[in-house]
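S.K.: Heads up: the protein sequence lines correspond to chains W and A, in order. Residue numbering for the first sequence follows my numbering, starting at 1 and increasing by one per position. Residue numbering for the second sequence follows my numbering, starting at 1001 and increasing by one per position. Ideal Cβ positions, reconstructed from N, Cα and C, are used throughout, including at glycine. The structure presented is a predicted model; accordingly, all values stated were derived computationally and were not measured. Structure in structure tokens, see below.
2 protein chains.
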Amino acid sequence: MAQKPSIPKGTRDFSPTEMTRRNYIFDTIKSVFKTYGYQPIETPAMENLSTLMGKSGAEGDKLLFKILNSGDFLNKIPDSITIGTKFQNASVTEFTGFISEKGLRYDLTVPFARYVVQHRNEITFPFKRYQIQPVWRADKPQRGRYREFFQCDVDVIGSKSLLNEVELVQIIDKVFSELKINNIIKINNRKVLLGIAEYIGETEKFTEITIAIDKLDKIGIDKVKEELSANGIASEAIEKLEKTLNFQGNVNQKIDFLKSILENSSAGSEGIQEVSEVFDTLEDLELNSEIEFDLTLARGLNYYTGAIFEVIAKNVKIGSICGGGRYDDLTGIFGLPDVSGVGVSFGADRVYDVMLEQNLFPATTQNTTQVMFVNFGEKEQKHCISLVNKLRKAGINTELFPDSAKMKKQMNYANNNNIPFVVLIGENEMTQGTLTVKDMEAGKQNSYQNLDDFIAQLKS
Amino acid sequence: MAQKPSIPKGTRDFSPTEMTRRNYIFDTIKSVFKTYGYQPIETPAMENLSTLMGKSGAEGDKLLFKILNSGDFLNKIPDSITIGTKFQNASVTEFTGFISEKGLRYDLTVPFARYVVQHRNEITFPFKRYQIQPVWRADKPQRGRYREFFQCDVDVIGSKSLLNEVELVQIIDKVFSELKINNIIKINNRKVLLGIAEYIGETEKFTEITIAIDKLDKIGIDKVKEELSANGIASEAIEKLEKTLNFQGNVNQKIDFLKSILENSSAGSEGIQEVSEVFDTLEDLELNSEIEFDLTLARGLNYYTGAIFEVIAKNVKIGSICGGGRYDDLTGIFGLPDVSGVGVSFGADRVYDVMLEQNLFPATTQNTTQVMFVNFGEKEQKHCISLVNKLRKAGINTELFPDSAKMKKQMNYANNNNIPFVVLIGENEMTQGTLTVKDMEAGKQNSYQNLDDFIAQLKS
């Protein structure tokens, strides 16, 4: 017998149950996105390496899955010629360029920026788009980290209005309310962080400071301070920073405090203004999520320039389940400068894990089939086909077991597939035009005078 | 300015309008699949080359997009060492094995077979699954042929019952009825074709015969005969074959004719029995599609062993829009022999093209946003936010233009995005609590006393 087949490490198959649950998450997210006027786009899995490379630094490039050029160009070289003779003087860089020009996308942000620039003349700005597709990263696979996973991105590009920030918070709130995930939405602003860097006298080290703060949750304050120090930040500055980040109080108190220390920073003042406008508007809305102005939120990515967001699930240790922010020049790298945008990305895999751990999937996500008819043989099958089709016409997902197999096998099938109702039509039922129906969960059998009675029961 | 970015040839971006239309097709197909009790699965884009290679012959292997091994193993070689020194004695085959172990799937059939074998202990057979995912082929791109495209496969595996064939025809009929595509479902049976090969005395050449017949539509009978002759099939056999395939008549007449010539072929008799049972059952069902017993239908793929299907759209020259058949040993290659299955695959791209050409997309697929509020400024925005949120709560997809831009820009946005209703709330409307609404298609303005009246109108 052949070896049992497998899939590449870090990738996954999704079974019907997993798919139904994942679709429940995706459908909820999509529906909320649409409610707010966002439209779907999709981009190819493969992008040119020139599009993908150099966008997230050397670290990003390492995560790229590169695709061998097609047209089996290597196979055209006869096996009698060795690679050594064919590519005698080629350096590794030259050779890699020769064998690969395409790669799999590692996020949806770079393809989105590329899309906007490429289609700028067809797009009416502001462009509100969402995109739900897999991405691939040649990362070391580990628990909760995969080489193929889905991102759910929602962005608006071409508008500086803070209403977009407010609506994104509403979207986050609505998605997690629908999914019944208790959560905290953390908000901060990179301009406020820049103001703080100015205030502590380390404007030049802004990037190093945000990268270090970003790790606070993971490594703790002492290690963050070590990292800051190692990056040449003065110890008085570090102390001042720690005090600032440690300030306790509600949103208004934090804003007043920041106003007092950042009055000389124009970036800082702008950031405070933005934060207070967003929180003011949010206050009037009825949100279910806890909203927090978190000065320690930094977001590692360098392209953020204004508001930043991060969402964590309460009572589950799994990291952030959603995050994003405003960027002022995402498309500049592709030749379209000065287009501001803001967006967030939902981590479908983590959302799935949270829902599984907290038992939040509704019973309807167990299976999509509602009714199965047992197959007792040729004559019964003929009788059942028309009933099955009537149920289907009534919008009820229904199966007729295809073979007149042993009763046990058929009931097992219904049971393993979580089908809630099994219809048994034998000689008696056929003569009388009735239905015997087993309610699989209750373990009870009911009789129905006719199909319409059963349909009425199912729809009640 | 940087060069305008592009995407790899043979791949596509999908705009919001294209996405909404494509989703209309996918949602229709999925909904029908579920009605018949099929469940979704998904498999990774990447499979091990050992899974993919050698499954569709050398031709199939050439279509593979191979993925370079990750972990930048090539980059670890310093650029001072040339490929020539590093791989001095490696043959091309050895070298290719060294640099690539994974590839992108080129269909959903091979991954499905792999899935069934890998998860055999978790699956309750018969396993009714559907799978809608992109596939990649390093084919020469041309009109209507892409390097990345979606397949929509529906298969049941682990049941020999002909009820499955009948239900697949019902599924095809239902999908194209819902999409309003006039179509012909052609049905044949490979056992009947095998019987005919026996009848003309060319059993050994069965594969060559089916491959040649498969091209009948494209190259015509004369070229088919040339190909048969070139493959060493006797001219009397070719004439006998032509006469058989040319037989005209309805289903019953064809069956009677075949019975008379294939009485000595056990495969042929079995095939006739299967065809007549499928047609008998179909006769009692109310189908919209035209159903045809087409002796010239062959399907090139060698793994089909029973019923075969192909669907064409009437009045559109585009080739088949759906096709499939029964296979008796798809999983054998992965070590699980004797599992019979049957399935069909819908060609989403061709279905899209047919619908576009025949103008079959409903107006609702233009845009998912129903209402846009014009933004007249800070005060009006504040007033509108709560109205917008009430509409959203009522399930109506609504946008508030994020900036108080010029009227013309805002109306252009609504117009270009096909948003049917634009709400204008200025000073007057704010004081009176009324709404002025522009019906974009009718070009008329209406006044509503309050939001509820407008909601009622939208829902009517």
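DSSP on W/Pro111, reduced to helix/strand/coil?
M.R.: Correct three-state label for W/Pro111: helix.
S.K.: Is there a Cβ of chain W sitting closer than 8 Å to that of A/Val1117, yes or no?
M.R.: It does; some Cβ of chain W falls within 8 Å.
S.K.: Relative to the alpha-carbon of A/Asn1164, which residue among A/Lys1409, A/Ile1308, A/Phe1361, A/Asn1121 has its alpha-carbon at the smallest distance?
M.R.: The shortest C-alpha separation from A/Asn1164 is found at A/Ile1308.
S.K.: What does the alpha-carbon distance come out to for the pair A/Thr1203 and A/Leu1258?
M.R.: The straight-line gap from Cα to Cα measures roughly 17 Å.
S.K.: Which residues of the region 1354-1374 of chain A have a Cβ closer than 8 Å to any Cβ of chain W? Give them in chain order.
M.R.: Those would be Asn1367, Thr1368, Thr1369, Met1372, in chain order.
S.K.: Let me know if A/Pro1420 comes out buried or exposed under the rule of 16 or more other beta-carbons within 10 Å of its beta-carbon.
M.R.: Classification of A/Pro1420: buried, given that the 10 Å Cβ count is 16 or more.
S.K.: Per DSSP, A/Gln1133 forms a beta bridge with which residues?
M.R.: Looking at the DSSP assignment, A/Gln1133 forms a beta bridge with A/Gln1151.
S.K.: Three Cβ pairs or more, each shorter than 8 Å: is that satisfied between the region 115-133 of chain W and the region 317-324 of chain W?
M.R.: Touching, no.
S.K.: According to the Cβ coordinates, are A/Gly985 and A/Ile1211 closer than 8 Å?
M.R.: Outside the displayed span of chain A (1001 to 1460) sits residue 985 of chain A, for which this structure offers no information.
S.K.: In whole angstroms, give me the CA-to-CA distance for A/Leu1052 and A/Asp1155.
M.R.: Their Cα atoms are separated by approximately 19 Å.
S.K.: Using the three-state DSSP reduction, which class does A/Lys1459 fall into: helix, strand or coil?
M.R.: A/Lys1459: helix per DSSP, three-state reduction.
S.K.: For a test of the three-state rule: what should DSSP assign to A/Gly1319, helix, strand or coil?
M.R.: Three-state result, A/Gly1319: coil.
S.K.: Once DSSP output is grouped into helix, strand and coil, what is the label at A/Pro1485?
M.R.: Residue 1485 of chain A falls outside the range modelled here, since chain A spans only 1001 to 1460, and no answer is possible.
S.K.: Less than 8 Å between the CB atoms is what I'm expecting for W/Met471 and W/Ala414, so what's the real figure, rounded?
M.R.: No statement about residue 471 of chain W is possible, as the shown extent of chain W runs from 1 to 460 and does not include it.
S.K.: If the cut is a Cβ gap below 8 Å, which residues of chain W does A/Asp1472 touch?
M.R.: Past the edges of chain A, shown from 1001 to 1460, lies residue 1472 of chain A, and the structure says nothing about it.
S.K.: For W/Asp462, return the contacting residues in chain A, with the cut-off set at a CB-CB distance below 7 Å.
M.R.: Here chain W covers residues 1 to 460 and nothing more, so residue 462 of chain W does not appear.
S.K.: Any idea if W/Phe33 is buried or exposed, counting beta-carbon neighbours within 10 angstroms, 16 or more meaning buried?
M.R.: So W/Phe33 ends up on the buried side.
S.K.: Name the DSSP bridge partner or partners of W/Arg326?
M.R.: For W/Arg326, which the question treats as bridged, DSSP gives the partners W/Val342.
S.K.: Report the rounded CA-to-CA distance for A/Tyr1352 versus W/Glu270, giving the unit in angstroms.
M.R.: Taking the straight line joining both Cα atoms gives about 49 Å.
S.K.: For a contact defined as C-beta to C-beta under 8 Å, what are the partners of A/Gln1449 on chain W?
M.R.: Neighbours of A/Gln1449 on chain W: none; closest Cβ ~24 Å, over 8 Å.
S.K.: Only counting the same chain, and skipping five residues up and downstream in sequence, which positions put a Cβ closer than 8 Å to that of W/Gln370?
M.R.: Only Ile396, Asn397, Thr398, Ile419, Pro420, Phe421, Leu458 meet the Cβ criterion.
S.K.: Count Cβ pairs between the region 1355-1366 of chain A and the region 1330-1342 of chain A that sit closer than 8 Å; are there 3 or more?
M.R.: With a cut-off of 8 Å, the region 1330-1342 of chain A and the region 1355-1366 of chain A do not count as touching, because too few Cβ pairs lie within range.
S.K.: Per DSSP, what are the beta-bridge partners of W/Lys102 in this structure?
M.R.: Beta-bridge pairing links W/Lys102 to W/Asn48, W/Ile67.
S.K.: Once the 5 residues before and after W/Phe95 are set aside, which same chain residues still bring their CB inside 8 Å of it?
M.R.: Phe87.
S.K.: Have a look at W/Thr244, W/Lys191, W/Asn188 and flag the residue whose alpha-carbon is nearest the alpha-carbon of W/Ile200.
M.R.: Out of W/Thr244, W/Lys191, W/Asn188, W/Thr244 has the C-alpha closest to the C-alpha of W/Ile200.
S.K.: Which of the three DSSP states is assigned to A/Pro1337 in this structure?
M.R.: Here A/Pro1337 sits in coil by DSSP.
S.K.: Thinking W/Glu400 and W/Phe376 are a contact (beta carbons under 8 Å), I'd like their distance in whole angstroms, please.
M.R.: In the sequence as displayed, the identity of residue 400 of chain W is Leu instead of Glu. Their Cβ separation, rounded to whole angstroms, is 11 Å, which puts W/Leu400 and W/Phe376 out of contact at 8 Å.
S.K.: Consult DSSP for W/Asp453 and reduce its assignment to one of helix, strand or coil.
M.R.: If DSSP states are grouped into helix, strand and coil, W/Asp453 belongs with the helices.
S.K.: Which residues of chain A have a Cβ atom closer than 8 Å to the Cβ of W/Arg392, listed in chain order?
M.R.: Result: Thr1035, Tyr1036.
S.K.: What are the start and end residues of the alpha helix (DSSP H) that includes A/Ser1447?
M.R.: Note, A/Ser1447: premise wrong, no alpha helix (DSSP H); beta strand (DSSP E) at 1444-1448.
S.K.: Rounded to the nearest angstrom, how far is the Cβ of A/Gly1010 from that of A/Tyr1146, given a contact under 8 Å?
M.R.: 5 Å between Cβ atoms; contact.
S.K.: Can you tell me where the alpha helix (DSSP H) holding W/Leu168 begins and where it ends?
M.R.: Start and end: 163-178.
S.K.: For the beta strand (DSSP E) that contains A/Leu1424, what are its first and last residues?
M.R.: Per DSSP, A/Leu1424 belongs to the beta strand (DSSP E) from 1421-1424.
S.K.: What are the start and end residues of the alpha helix (DSSP H) that includes W/Asp217?
M.R.: Where W/Asp217 is concerned, the enclosing alpha helix (DSSP H) stretches over 216-230.
S.K.: With H, G and I counted as helix, E and B as strand and the rest as coil, what does DSSP make of W/Asp403?
M.R.: The answer is coil: DSSP assigns W/Asp403 none of H, G, I, E or B.
S.K.: By the criterion of Cβ-Cβ separation under 9 Å, what are the contact partners of A/Thr1305 in chain W?
M.R.: Going along chain W, no residue has its Cβ under 9 Å from A/Thr1305, so there is no contact; the nearest lies around 17 Å.
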